[in-house]
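Asks: Below is a structure I'd like to ask you about.
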Amino acid sequence: MCSHAVALLYEMTASKITLPERRRLNKLILPLQQGPDLTLGQFLKTVEECCPQTAYAVKLRLHEMADGELKDMEYFFSTLPTPFTAFDTEAYKTSVVGLFMRHMLLAYNKLSFSQVYKLYKSLQHYYHSHYAKPMDGQVPALVADDSEMDLTSIEDTVGDRVDKEELDTPLHESELRSDNTPSRGPLSQKQAEYFLARQAYLLKNDENKALKPAALQEELNNMLKFNPDFAEAHYLNYLNSMRVQDIFLSAHSLLHYFDRLILSGNDGKSNGDEGYGRSLRYAALNLASLHCRFGHYQQADLALQEAIRIAQESNDHVCLQHCLSWLYTLEQMKGSDSTVLTEDSVKMAAHFCLPYLASLGIQSLVQQGATQGKTAHKLMDALKDTDILHWKHSLSELIEISLAQTTSIWRMYGKSTMSLQQAQLLLNMSSLEPVNFGVQQNNTEAFAVVLCHLAELHAEQGLYGAVSEIIQHLKEQFPPHTQHAKLWMLCDLKIQFERHMNEGKYHLAEPLVTAITALNQLEGLYRKAQVLKAVNRSTEAYHILQQLQARCEKTKCTEMVIRVMLSTAELHWESSGFSTALPVLLQALALARQHHLQSLASETILHLAFTQLMLGVPEQALNVLHEAVEPILAHRAVMDKGCAMLLAARCQMAVAGFKPNRQGQADLRLAASALDTLNEAAAYFSQLNCKERLRDVHYLQAQLHRSLGQILESNKSAMLFRLLDQELQSPAPPVSMRL
Amino acid sequence: MAMFPGLNVPANSGSDHEMEDAQDLDALTLAKSYFDLKEYDRAAYFLKGCRSQKAYFLYMYSRYLSGEKKKDDETVDSLGPLEKGQVRNEALRELRVELSKKHTAGELDGFTLYLYGVVLRKLDLPKEAVDVFVEGIHALPLHWGAWLELSNLVTNIEMLKSLSLPDCWIKDFFMAHMYTELQMIKEALQKYQNLIEAGFSKSTYIISQIAVAYHNIRDIDQALALFNELREQDPYRIDNMDTFSNLLYVKSMKPELSYLAHNLVEIDKYRVETCCVIGNYYSLRSQHEKAALYFQRALKLNPRCLGAWTLMGHEYMEMKNTSAAIQAYRHAIEVNKRDYRAWYGLGQTYEILKMPFYCLYYYRKAHQLRPNDSRMLVALGESYEKLSQQAEAKKCYWRAYSVGDVEKMALLKLAKLHEQLNESDDAAQCYMLYIQDIFSCGEQLEHAEVSTALRYLGQYYFKNKLYDEASLCAQRCCDYNDAREEGKALLRQISQVRDQIETPSADLFAPLSNNNTPVRRVSPLNLISFTP
C-alpha cells in the first residue's frame, strides 16, 4: 500500500510548508518507502508529528479518493506526474523520490482494468478499516459526515461490515479467532517479511518478547495458508517448534523450508557455490544441528557426514569449516576428546578468514584445556588474544561467551572475587548489537551461565534473598521450556540442596536428589551419597562414591573426583580410620594443585588438618591450617569459613593442652585466642542458620569459659547449647568425628 | 464439484409444495436456462422472490457458483505474489449466514443441506460440514453428491465408524468407496462383489472402482483385464482412464497406450485424464519434455489434480531437473499430505543428489503412509545401507520380503548384505529363499540375478563340504551366460575333491541330466538339504 506515501509526496510538493517541518518530513520519506506497511492510523500519526497541516491534507486526499468514485483515484494518478516533471523540484527524475514516483506510476499504468478496480477497492478497504474501528477517544470528524455517503455509494463494503457483526456471534471459534488477531488475514509481502524478521530476531535475542509459541504457530499457519510458497515462514515455524521441543514438527518444517528454498531457487541448475547445491549442503548441516539439539547424536553424526561429503564434492570450504566446528561440538557432546579436531578447525578457520569460527574453536579449546588442567596463564592468554579479535570484528556474541567463560574459569579456580567481577562486567556491558525492537540481546546462553554463577556465589555467602531474586529473574528470562532453562534449574536445585544440608534438614534435601539426577546424573549421584552420609548410611554412601569415582575418572571430571575423594575421607573418619583417610586426602590435594583448583585444594587442606588433629599432632595441624585459612577467608563460602574457624579453635585448644572435663594446665593466652576464633565461627554459622555446628561451638565455648573461670559466660553458652540441643532433638554426634 | 443434481427429482408430496412449485415454475424455468448458460448472477436475480424449495436451492446454488467463478477469475489478475492465495469466494459468508438461519429453523431440504455443507467445507469448518452432510444424507439418501462430499471429509476408519448413516442400499456404495480411499482394499473388493451379486453386475461404475482397487494393491493383471472389459462396455468413457494408462505404463505396453491416447484425444482432448494419458504415453516413449508439458496442461485444467503433480515430478526426475521435481512433489503434497508417491519421489530425488540420510525422512514418511509397501522398505534399506547402518538395513529388507516384495529385490539385497558382513549361513539362506521366490512367481524378471545366487550357493556348499548340493548349483550356474565359467570351474573342483575322497558320483549326475526344467529341481532339493 504505497498510495499513502504517494499522496504524502504529492501534498508535500503541492503545498507550502515551513522549513523545519519539511526537514522532518524529508526524514520520514525513507523509512516509509523502505519500511513495512503501516496502518492508516499509524501513518497519519507519524505524519502529524512532523507536520499537522500535511497530515490533514493527506487525509483529505485519501478521503476524497476512498469515498468518491474510481475516477477520483484515476484523476489523482493522472495529475501526479505534473509536480515532478519540473526541473527545479527537489524530486528530480533520478533522485530517490523521483525514481520511486516513476516506479509507482509505471506500475499503475501497467495494471489492467480489473486490477485498477481492485486497487481502488483495496484502497477503500484500507481507508475504511481505519475508521471502522476508530481509536478510543478520538473519533475522527470525517466519519460522522460520511456514513450517509457510505451507504449509498459503496454498498458492498457496508454490507460486508454489517454481515460481519451479524456473523460473529454464531461463528465457529477458529474463524472468530482469525478475525480478532491483531494482524488478521492477509498480510502484504512487506508486512509478512517484517513480521517474520521481527519474530526471528526476538526468538534469538529475547524469547519472552516474541509471540507465545501457540500464537506464533497460528500466525504462521495463517500466512502459509495464504501463500504456501513463502519459504521463510517455514523456517520460522522450525524455530518455533524447536522452542517447544517438538522434534516432529521442527524436522518437518526444516525440510520443507529447504525444499522451498531449493525451488525458489537462485536460478536453478548450477550445483556450484551459488544455486541450490549450496542450500542442499546447508540443509544437511541444519538437519545435523537439529538432531544434535535434540540429543540424537548418531543421527546428527550421519547427517553431518552427509553434509561434509557434499561440501567436499563441491569444494565449499566455508561450509566444510562449519561442518568441522559442528563435528568437534558433537564429539564433545558425546563426551569424547576432540582437542585435535578443534585445533584443526581453528587452523583451517584462520586460513579461510572466518574469525567467528576460529575464535569459537579457541573458546572450545580453552574450555577443554581448563577441564584437563592446562596451565592457567596460557588459557587466559588465549582468551585475551581472542578477545582482541572479537573487539576488532565486533563479534558481540563471542565477547559475551568469552566473559562467561572467564567467569566460569575463575570460579573453577576458586577465585570468587574475580569471578564475581567478570560476571558483573558482562551483565553491565552494553551490547554492541544495535538495539532492535526495544530488545537488548540478553537471553543467550552466556547470560544464563553468568547469572547462575552469580546466584551460586551469593548462595555461598548466605545471601539467600539475593539468590531468590536472581533465580526469579532467570525464570522470567528463560522460561522452563526454553533451551537454556536446564542451567538455572540445576543451579537452583543445587542451592536449595546445599541450604537444606547446611541447616540439617536432610529429609528436605533428599527429594531434591531425584530432580538433580534428572538434570545431571553425576551430580545427582554425588548428592545422593552426601545425603546418605549425613543420615549415617555409610555403607551405601561408600558404594555410590566408589562407583562415582570410577565413572568420573573415566570422563576426566577432575573436580568431581576430588570432591568424591573428600567425601570418602569423611566416611573414613566416621569409622575412626584417620590414618586410612590420609593417603586419599593427599592424593586429592595433589590433583587439586595440579589442576589449579584452589578452592578444592584449600578444602582438602582443611580435611588434612582435621585428620592430623585427630591423629594427635595439633601443632602440625595448626601449621597446615594457617596455610589454607587465608584463601578460605578470601574466597570460600561462609560455611567453609565457619568450619575453618571452628577447626582452628579446636587446634588451638589442643595445642593449649586443653582437655575436656579436666582443667589441666592450659595455656590461657592460647585459650583466649581460641575463644575469639570460636566467636568468629559462631558468627559465620548463625549467618547460615546452621544449628548443629552452632551447638558444637557453644559447647566448646562453655568449656573454654569455664576453664578460664568465666562462670557467667560459661553458663550463658551452656544455656545456648541446651536450647539448641532441645530444638534439634537428634543427639549430637561426637564432636571428634567431623570437621 | 458435484454436478448440478437436476430438477427432475420428485418433489415432496403435499399441495402446499405443489402450489408453490406451480407459482414459481416460470421463474424457475427461466432461471434454470440462465443457470445452464452459466449466467449465475442473472439466474439468482430472477429467483429472488421465489418461495418453493427448488427455486430456493437454485437461487442459493447460483449465488455460490457465481462466487466460485469470480474467485477463479480473480486468481488470474492478482496484484502481488502474496495475494495469490488470498482470493476467496466472497459469497460464502453471506450464504452461510442465510443458510444457518434456515438450518436452525429446520427449513432446509436435502439439496440445500448439501449446499450448506459445501459452504461450510469451503469455509474450513470440517466438523460442522460433516454434521450437515450427514443430516443432508438422511434427508435425501439418494443424492450421491452429498455422499461424495462426505467421503472427502472422512480421514480415518474410526471416524467412518462413528458416523450414523441411513440404512440404504447406496450406503454400500459409499462404504466401498471409503474403503478404497482408506486403502482397505480387501474390504472394498468384498463390498463391490456383494453389490455385483445384488444386481449391479452391469454397472460400469463398479467395474471401474474394482479396477482402481486392484490398481491400488498393484494387482496389475487383474486391473488391466477389468479396464479392458470396461472399455468394451463403455468405449467413450474418460473417467479413470488415467489410472488405466498408469497400468499400461507400468507394464510398458506401448501400442495399447498409444491406442488409448489417440482414442481419448478424439473423444475430448481438454480433459485432465486425457492429458495425463498423453503424458504417460510420451513418458513411455522417453520424450520427457513433452510429457511434462502435458502434465502441466492437465494442471492448468485442474490445479488440484494430484496425480498430475506427482507424475510431473517423475518426468522432471527423468530429465534430471531435480529442483523442478522437488517443486512438483511439494505441490502434490500440498494438495494431499497423504500422497505417498510424492513423498517417495522426494526421497528418490534426494537419493539422486546423494543425500542418503536426508532422504530417509521422506522414505519414512512414505513408509508411514503405506506400511505394507515393499518399495518404500527397500528404499529405506538401501539408504541405511549407504549410511552403513547394516542392522537397520537388514530389518528393512527382511520386512520388505515379509510384506510381499513386488520387485523381488529385497532378498537379493539382504543376501548381499549378509555376504558383505561374512554371515555366510544367513546369506545362503537368503539366496535360497530368493531363488525359490523367483521361480515360484513363474515369469522371468529382467533384473533377476539367479546366477549370482547360484554361484554363491555353490561356493557355500562347497566350503561346507556338501558336494552334492554344490555340484547341483554349479550345474545350474552353467545355464546362465555370466556364470558359466565359474560353474564349470566349480564342477571341476568338486570332482577333484571327490576323486580324492573316492566317492562315486556318477549316479548323482544321471537324474539331473534327464530333467531339464530347472525350476522344479532347485527348490525341493534346497528345501530338504538346507535347514539352518
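Going down the list, the sequences are from chains A and B.
Each residue of the first sequence is one higher than the one before, starting from 1 at the first, in full-length UniProt numbering.
Each residue of the second sequence is one higher than the one before, starting from 1 at the first, in full-length UniProt numbering.
All residues carry an ideal CB built from backbone N, CA and C; glycine is no exception.
Bear in mind that the values here come from a model prediction, so they are computed numbers and not experimental data.
1. Quick check on A:His-256 - is its C-beta less than 9 Å from some C-beta in chain B?
2. For B:Gly-117, count neighbouring C-beta atoms within 10 Å of its own C-beta (all shown protein chains included) and say buried if the count is 16 or more, exposed if not.
3. If you scan the region 47-75 of chain A from start to end, which runs of the alpha helix (DSSP H) of 4 or more residues do you find wholly inside it?
4. CA-CA distance, B:Arg-476 and B:Arg-455?
5. Alpha helix (DSSP H) containing B:Arg-455: first to last residue?
6. Please state if the CB of A:Leu-591 and the CB of A:Ile-605 are separated by a distance shorter than 9 Å.
7. I need the straight-line Cα distance from B:Asp-426 to B:Ala-415, nearest angstrom please.
8. Is it buried or exposed, A:Glu-173, if we count other Cβ atoms within 10 angstroms and call 16 or more buried?
9. Quick check: the region 224-233 of chain A against the region 293-303 of chain B, are at least 3 beta-carbon pairs closer than 8 Å?
10. Quick one, which residues of the region 341-361 of chain B are near chain A if we go by CB-CB under 9 Å, in chain order?
11. With three or more beta-carbon pairs closer than 8 Å as the criterion, would you say the region 489-501 of chain A touches the region 459-476 of chain A?
12. Residues of the region 57-75 of chain B with a CB closer than 9 Å to any CB of chain A: list them in chain order, please.
13. Would you kindly work out how many angstroms separate the C-alpha atoms of B:Pro-10 and B:Glu-98, rounded to a whole number?
14. Closer than 9 Å by beta-carbon distance: list the chain B residues that pair up with A:Ile-262, in chain order.
15. Starting from the Cα of A:Leu-457, find the closest Cα among A:Pro-479, A:Leu-420, A:Leu-426 and A:Glu-476 and give me that residue.
16. I need the DSSP call for B:Pro-303, collapsed to helix, strand or coil.
17. Mind checking if B:Leu-387 is an interface residue toward chain A, Cβ cutoff 9 Å exclusive?
18. Which chain B residues are close to A:Ile-310, counting only those with a beta carbon under 9 Å from its beta carbon?
19. Tell me the start and end of each unbroken beta strand (DSSP E) in the region 525-590 of chain A that is at least 3 residues and wholly inside, in chain order.
20. Quick one: is B:Thr-274 buried, meaning 16 or more other Cβ sit within 10 Å of its Cβ, or exposed?
21. Tell me the DSSP secondary structure of B:Ser-252 in three-state form.
22. I'd like to know if A:Asn-237 contacts chain B, where contact means its C-beta is closer than 9 Å to some C-beta of that chain.
23. Determine whether the Cβ of A:Lys-475 lies closer than 9 Å to any Cβ atom of chain B.
24. Using 9 Å as the limit for Cβ to Cβ distance, is B:Arg-330 near chain A?
25. Could you tell me the distance, in whole angstroms, from the CA atom of A:Cys-51 to the CA atom of A:Phe-76?
26. Counting only beta-carbon separations shorter than 9 Å, does B:Glu-107 have a partner in chain A?
27. Spatial neighbours of A:His-572 within its chain, please: C-beta separation below 8 Å, excluding the five flanking residues on both sides.
28. Beta-carbon separation of A:Arg-260 and B:Arg-341 under 9 Å?
29. To the nearest angstrom, how far is it from the Cα of A:Ile-409 to the Cα of A:Ala-370?
30. Exposed or buried, what is B:Trp-169 when buried is set at 16 or more other beta-carbons lying within 10 Å of its beta-carbon?
31. Let me confirm a value: A:Pro-618 is counted as buried when at least 16 other C-beta atoms fall within 10 Å, else exposed. Which label applies?
32. Establish whether the CB of A:Gln-305 and some CB of chain B are separated by less than 9 Å.
33. In angstroms, rounded to a whole number, what distance separates the CA positions of B:His-177 and B:Val-154?
34. For A:Gln-53, would you say it is in contact with chain B, using Cβ-to-Cβ distances shorter than 9 Å as the test?
35. What does a CB cutoff of less than 7 Å around A:Glu-21 pick up in its chain, not counting 5 residues either side in sequence?
36. Kindly list, in the order they appear in chain A, the residues whose Cβ is closer than 7 Å to that of B:Glu-334.
Replies: The relevant details are as follows:
1. It does; some Cβ of chain B falls within 9 Å.
2. Result: buried.
3. Complete alpha helix (DSSP H) runs here, min 4: 52-67.
4. If you take the alpha carbons of B:Arg-476 and B:Arg-455, they lie about 9 Å apart.
5. Counting along the chain, the unbroken alpha helix (DSSP H) around B:Arg-455 starts and ends at 450-463.
6. Going by C-beta atoms, A:Ile-605 is not nearer than 9 Å to A:Leu-591.
7. Here the alpha carbons of B:Ala-415 and B:Asp-426 stand approximately 7 Å from one another.
8. Since pLDDT at A:Glu-173 reaches only 35, below the 50 mark, its modelled position is unreliable, and no value is offered.
9. Counting C-beta pairs with one atom in each stretch, the region 293-303 of chain B and the region 224-233 of chain A have fewer than three that are closer than 8 Å, which means they do not touch.
10. Within the region 341-361 of chain B, the qualifying residues are Leu-346, Tyr-350, Leu-353, Lys-354, Met-355, Pro-356, Phe-357, Tyr-358, Leu-360 and Tyr-361.
11. Counting C-beta pairs with one atom in each stretch, the region 489-501 of chain A and the region 459-476 of chain A have three or more that are closer than 8 Å, which means they touch.
12. Taken in chain order, the members of the region 57-75 of chain B whose beta-carbon sits within less than 9 Å of a beta-carbon on chain A are Asp-73 and Glu-74.
13. Model confidence at B:Pro-10 stands at a pLDDT of 45, short of 50, so the residue's coordinates are unreliable; what they give is reported in the following sentence. Going by the C-alpha atoms only, they are around 25 Å apart.
14. Going along chain B in sequence order, the residues near A:Ile-262 (Cβ under 9 Å) are Thr-322, Ser-323, Ile-326 and Gln-327.
15. Checking every option, the nearest Cα to that of A:Leu-457 belongs to A:Leu-420.
16. Looking at B:Pro-303 - three-state DSSP - the assignment turns out to be coil, as it is neither helix nor strand.
17. Yes, its Cβ sits closer than 9 Å to a Cβ of chain A.
18. Going along chain B in sequence order, the residues near A:Ile-310 (Cβ under 9 Å) are Leu-353, Lys-354 and Met-355.
19. Counting whole runs of 3 or more residues, the region 525-590 of chain A contains no beta strand (DSSP E) stretch at all.
20. Buried.
21. The three-state secondary structure of B:Ser-252, taken from DSSP, is coil.
22. No, because no Cβ of chain B sits closer than 9 Å to the Cβ of A:Asn-237.
23. So, not an interface residue.
24. Chain A, which has a Cβ nearer than 9 Å to the Cβ of B:Arg-330, makes this yes.
25. In this structure, the alpha-carbon of A:Cys-51 lies about 22 Å from that of A:Phe-76.
26. The beta-carbon of B:Glu-107 is placed no less than 9 Å from the nearest beta-carbon of chain A.
27. Excluding sequence neighbours, A:His-572 sits near Phe-578, Thr-580, Ala-581 and Val-584.
28. With respect to B:Arg-341, A:Arg-260 sits apart: the two C-beta atoms are not nearer than 9 Å.
29. Going by the C-alpha atoms only, they are around 7 Å apart.
30. Exposed, by the Cβ-count rule.
31. Classification of A:Pro-618: buried, given that the 10 Å Cβ count is 16 or more.
32. Residue-level contact check: A:Gln-305 touches chain B, since one or more beta carbons of chain B fall below 9 Å from its beta carbon.
33. Taken atom to atom, the span from the alpha-carbon of B:His-177 to that of B:Val-154 is near 11 Å.
34. Taking Cβ atoms only, chain B never reaches closer than 9 Å to A:Gln-53, which makes this a no.
35. Result list for A:Glu-21: Cys-50 and Cys-51, in chain order.
36. For B:Glu-334, the neighbours in chain A by C-beta distance under 7 Å run, in chain order, Pro-228.
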